[in-house]
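Protein chains in written order, with our numbering: chain A, 28 to 582; chain B, 28 to 582. Have a look at the structure below before the remarks.
Set out below in structure tokens:
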């Protein structure tokens, strides 16, 4: 007996239950009529989108989701739908998957493994289920699982013992670099151990900080991938099963890591702009590598006609910066204009002159630039320049309804090398989780597709250009030293001693850690950005601002 | 047999294990020598402070906390210490309470009820314990519980069944309005049902958004409070027990709600400034009620000499605003100065003139002011004014190392009636969780202590003064209507229909809800502020920015 199962790798809008249900119906009809599927599997919590966060605490929202699910059973005939929804039962809420078939809910599974670490808060909302759910369909016994279930030991095996011959897994598994390989490795190995084929359906799309990469797949009982959907795209595909044995099908190739990272960033910008209804995007183009990369990403996400670049030179901006910025905008066909910031900087300097001349400088815990411990004047005045740029960019954003993209990278966010309300202004920070060295790699990668970032931008020493002849290395260790220290401290929770033992210089490690510790307050007010590493500054790194913890031991 | 138990209502710094341990030792010696106590009880997780958030994921931090606890046993003789700490056992972490006596750990309890709702994320870090812990001390059998344990049904009873004659509870129970009464009511009623006396020790102090109010107490077996410590103050007290029967002692009176709220705000400012090492605070004084209240709070928290007020008038600022601002500063003895913002506003207007004259206005989803749907020019230019003020205030803050206090209230934060990087600039927002009507009440309350806020500031219609003759009610329902709608929608999760059924006008409810829904992006970049309601914008309201949810049903 053959069975055709469609994998609906869909991109839904969190919170828009009516639209999500319409899209489920459309996808089911397509799977039935175009692909001849007997059954179509949707991602985890497809009805509400994932993660719906505290919307899940609203009774109206939960009622609407449950009503929508119950009505969905009647809307599509001739195909079974497996749909994730937040199931209310009395005062409890479950992360559930329902089987809708012939106008009825014929089975319903409650997720057993509720992740509550990293970016996940599922125990805030859901009660865990406590048993497998196996249903019979056209003579095959099928088990249901949801996301974390298939990462945890024992649950796949439970399903087999409960009689399942085939497993369906509904997922909302967020991307980070290396995650696609990791996910397949973990699940194939579990499947192989238990010898039960598995259909893995992941959602796709950007949702605030999170990117869902899709890359749905089917594994046979031996743990071999026999089908894989594309990364970062909606796709409805069908896989044929002979009994419970999947017939080998097309496997979309896995992208190289750099390519996946680039596409994740493009999708993140695209979906943030689209789902929030912006007219396009605007950004400040400095002639440096960060804004050059963000410009290329924005154009690849939105099209050149939806992106606007603004040059905001000061007296410290070198000619080559302006030249390169214009070259970038022209290479990408982006409208650009130039607004020198001197008039505003001079106005503020004049307004503050009397008070500043009467003030004894004091930089203790200045919520500002880190450059100038011991040289208060520079930090304050550097910040004024950055903030004048912020005011101009926000005015343009406000006037035109375009999203202001913040161009800071993860290395800067880590050590606080950025100005609050200055270059940190913006609604979305695409490369906020991209360390500086990876910024360079992504720029080089983008240039392999077509040459858009001038070589000079890639090779010149990075500079904030907020003071004469300033370069980042005046204040920070070189990025090829800084970035691995930051990764160890921020993402891997390594200690000062461990990082030094790995071969880094004590003074570099001490400087990096001290700056990370001191700048939590700044990160707290930064715009959301796209998570591409194993731990971003955002929902997966929750540190107190007020803190006596010192990562560098006091001698 | 009598037993003297000290309640150590302490204010610790999250993350500073060494300092916290030193303070524990000091308090224990005081309890032993000055109060004659046999035992001293500290708050929940006293070793690390609460909440330590993701510091609890660091192996070095946990190792340091465990080592500190083990060493503590040897540091104080002649008194038993009950101390909360994050107990590591293999790869598991428990929220534990250890009994340290005569150089050894004689008992250790693992918290059973781990809250994971509201502001709490304990299941992110801890594994739940699964049994009571009763130990014998000088002939009395004593049970240990931690915070949430005594709110949950059954755990107090379990302790009695396990032989406990007296219960100790270690707490980090955060304040919100009405919480002190609620806490006592819940716990006294549980105690009365089980008939076992209870010693409740709460921490005190501000930690980012959270205020811990102290107000530790002792309940006898009949559920009557026989001792209560002061609110919002460190205090080490002793209560004598005759067997397990507490001898009636002094009860600090419970403050009126308005007084508790005021003190919570004062403590929040004081601890944020002190624990983060700022030199003092600065704020923009507009002549309006919000900044007037924040000024009074800051002076009450820090002293007049640590507070600086800046008047930042524009062409739209009325004379009475400047007059009243100066009256306020003088009444409180605060240094003030005036910096008109016209030069900066004119500079930006000139810099943007060419582009703006060429731009078709479009305000869809402008990340800016809400005032001017349909009147793009005003919103952008209003924001420029607010942002010029932000730049000046941040420059002063940077130069002097003073914390910039943001003066926006909860009503504004709810509906987005504020400018990102403008009046929302600052490191700390003391009244961010105070609805506008409560701002008035707190101002009047403060004036009953001494007259510092001019009557005219309290009675004139509130205005942002960003356009000619502008008042808040041009854009918003009156605050006595708006505030209860917001409370129902934001704090109580009521639906559109429920709020209308409670007697509010459809158009007011629709406007309020729409604005709350649309302005999550703005709140996400706001500074932290003090939580005083049952649900603040912060760690206890986690909404997606990208969201298709509409609290107002689409017709």
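Quick reminder that beta carbons are idealized off the backbone N, C-alpha and C, glycines included. Owing to the predicted nature of the structure, the values given are computational and were not obtained by experimental measurement.
So if DSSP puts residue i in a beta bridge, which residue, or which two residues, is it bridged to?
| i | result |
| --- | --- |
| residue 162 of chain A | A/169 |
| residue 255 of chain A | A/244 and A/278 |
| residue 108 of chain A | A/67 and A/127 |
| residue 195 of chain B | B/171 and B/226 |
| residue 120 of chain B | B/115 |
| residue 231 of chain B | B/240 |
| residue 413 of chain B | Per DSSP, none; premise fails for residue 413 of chain B. |
| residue 34 of chain A | A/68 and A/264 |
| residue 455 of chain A | A/432 |
| residue 365 of chain A | A/338 |
Within 10 angstroms of its Cβ, does residue i collect 16 or more other Cβ (buried), or is it exposed?
| i | result |
| --- | --- |
| residue 157 of chain A | exposed |
| residue 298 of chain A | buried |
| residue 176 of chain B | buried |
| residue 98 of chain B | exposed |
| residue 532 of chain A | exposed |
| residue 222 of chain A | exposed |
| residue 495 of chain A | exposed |
| residue 395 of chain B | Any reading at residue 395 of chain B must be qualified, since the residue scores a pLDDT of 40, below 50, and its modelled position is unreliable; the value itself is stated next. It counts as buried. |
| residue 203 of chain B | buried |
| residue 28 of chain A | exposed |
| residue 347 of chain B | exposed |
| residue 155 of chain B | exposed |
| residue 350 of chain B | exposed |
| residue 304 of chain A | exposed |
| residue 555 of chain B | buried |
| residue 498 of chain B | exposed |
| residue 190 of chain B | exposed |
Can you tell me the Cβ-Cβ gap for residue i and residue j, rounded? I've got them flagged as a contact below 8 Å.
| i | j | result |
| --- | --- | --- |
| residue 523 of chain B | residue 580 of chain B | 6 Å |
| residue 373 of chain B | residue 422 of chain A | Not really, about 14 Å apart at Cβ, beyond 8 Å. |
| residue 355 of chain A | residue 319 of chain A | 5 Å |
| residue 106 of chain A | residue 49 of chain A | Between residue 49 of chain A and residue 106 of chain A the Cβ distance is about 16 Å, and since that is not below 8 Å, they are no contact. |
| residue 265 of chain A | residue 109 of chain A | Between residue 109 of chain A and residue 265 of chain A the Cβ distance is about 14 Å, and since that is not below 8 Å, they are no contact. |
| residue 44 of chain B | residue 91 of chain B | 5 Å |
| residue 359 of chain A | residue 438 of chain A | In fact, because the Cβ distance is near 24 Å, the residues do not count as touching under 8 Å. |
| residue 124 of chain A | residue 171 of chain A | 5 Å |
Give the range of the beta strand (DSSP E) segment to which residue i is assigned.
| i | result |
| --- | --- |
| residue 523 of chain B | Premise fails: residue 523 of chain B lies in the alpha helix (DSSP H), 523-528, not in any beta strand (DSSP E). |
| residue 209 of chain B | Element bounds for residue 209 of chain B: not the beta strand (DSSP E) but the alpha helix (DSSP H), 206-221. |
| residue 183 of chain B | It is not in any beta strand (DSSP E) - residue 183 of chain B instead sits in the alpha helix (DSSP H) that spans 182-188. |
| residue 308 of chain B | 308-311 |
| residue 86 of chain B | Here residue 86 of chain B belongs to no beta strand (DSSP E); instead the alpha helix (DSSP H) covers 86-99. |
Looking at the structure shown, is residue i part of a helix, part of a strand, or coil, going by DSSP?
| i | result |
| --- | --- |
| residue 392 of chain A | Below a pLDDT of 50, predicted positions are generally treated as unreliable, and residue 392 of chain A, at 37, falls in that range; no measurement from the model is reported. |
| residue 376 of chain A | helix |
| residue 264 of chain A | strand |
| residue 114 of chain A | strand |
| residue 335 of chain A | strand |
| residue 533 of chain A | helix |
| residue 269 of chain B | strand |
| residue 201 of chain A | strand |
| residue 77 of chain B | coil |
| residue 565 of chain A | coil |
| residue 134 of chain B | strand |
The alpha helix (DSSP H) spanning residue i covers which residue range?
| i | result |
| --- | --- |
| residue 572 of chain A | It is not in any alpha helix (DSSP H) - residue 572 of chain A carries neither H nor E in the DSSP assignment. |
| residue 324 of chain B | 316-329 |
| residue 51 of chain B | 44-60 |
| residue 475 of chain B | 463-476 |
| residue 354 of chain B | 346-359 |
| residue 511 of chain A | 506-513 |
| residue 287 of chain B | 284-302 |
| residue 550 of chain B | 547-551 |
| residue 486 of chain A | 482-486 |
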